[in-house]
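Presented below is the structure to which this report refers.
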Amino acid sequence: MAETTNKQPSDEEEEEDYMGDLSQFLPPETTAPSKSSVKVCANNTQISQPSGKKPKTLNWQEQRKLKRENRQEEEDRNTLASLESAIPQSNIGFKLLKQMGYTPGSTLGKEGSGLAEPVGLEIRRTRAGIGREDSRKEKRKREEERMEWERGKEEALMEDFGCRHKEQWRSRRCLY
1 MAETTNKQPS DEEEEEDYMG DLSQFLPPET TAPSKSSVKV CANNTQISQP SGKKPKTLNW
61 QEQRKLKREN RQEEEDRNTL ASLESAIPQS NIGFKLLKQM GYTPGSTLGK EGSGLAEPVG
121 LEIRRTRAGI GREDSRKEKR KREEERMEWE RGKEEALMED FGCRHKEQWR SRRCLY
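The sequence shown begins at 1 in UniProt numbering and counts up one residue at a time.
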């Protein structure tokens, strides 16, 4: 028995008092992130708690996405710049057009009834089909029109309700 009584105080010393420190259970205050709130990932990029500032380093997925977007923007600028410049006369296609009777500055087609400028280029980055976005836009537009119609109907009903209650109030007021 002497051994068991001697072990009990040592067990109590080893056990932590969870109820003694209530700060573990209270939510942290929303202040600027401290160094303890900054997490370091395996690839040495820092991710801090959202504080309105952009982190200095991004994880590999965000870096990849940013790099892809920058590359696409650069490609779009180059494409638009090359579209705005005229085709050089040394171009093989331009030489063939000249041999078939094309004069620079005139239109294509019989008796010059065609377009002087080529059809514009629309740069698409989505993977949806060509007509897919148009149907989605139409569906969204129909939904917005329906919501607008319902909103107008609701406003008309509320106005009618208000008018009826005013008339009832006036009629009661006149009777008494």
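Note that beta-carbon positions come from the ideal geometry of N, C-alpha and C, so glycine has one too.
Closest Cα partner of residue i within the set the options
i      : options                       : result
Arg125 : Gly93, Glu75, Pro88           : Glu75
Gln72  : Ile130, Arg170, Ile123, Leu96 : Ile123
Pro104 : Val119, Lys110, Ile87, Glu111 : Ile87
Val119 : Arg170, Asn59, Leu83          : Leu83
Through-space distance from residue j to residue i, alpha-carbon basis
i           : j      : result
Cys174      : His165 : 14 Å
residue 184 : Trp149 : Past the boundaries of the shown model lies residue 184; the chain is included only from 1 to 176, so the question cannot be answered.
Glu167      : Arg151 : 24 Å
Arg136      : Arg127 : 14 Å
Thr79       : Lys141 : 32 Å
Glu144      : Cys163 : 28 Å
Met100      : Gly93  : 11 Å
Lys65       : Thr57  : 14 Å
Ala116      : Arg77  : 24 Å
Ile130      : Lys139 : 16 Å
Lys153      : Lys110 : 55 Å
Lys67       : Ala81  : 21 Å
Arg146      : Phe161 : 22 Å
Gln59       : Asp134 : A small correction: the amino acid at residue 59 is Asn; Gln does not occupy that position in the sequence shown. The straight-line gap from Cα to Cα measures roughly 35 Å.
C-beta atoms of residue i and residue j nearer than 8 Å
i      : j      : result
Leu121 : Gly114 : no
(request) Just list the alpha helix (DSSP H) runs in the segment 85-153, keeping only unbroken ones of 4 residues or longer that don't cross its boundaries, in chain order. (result) 92-99
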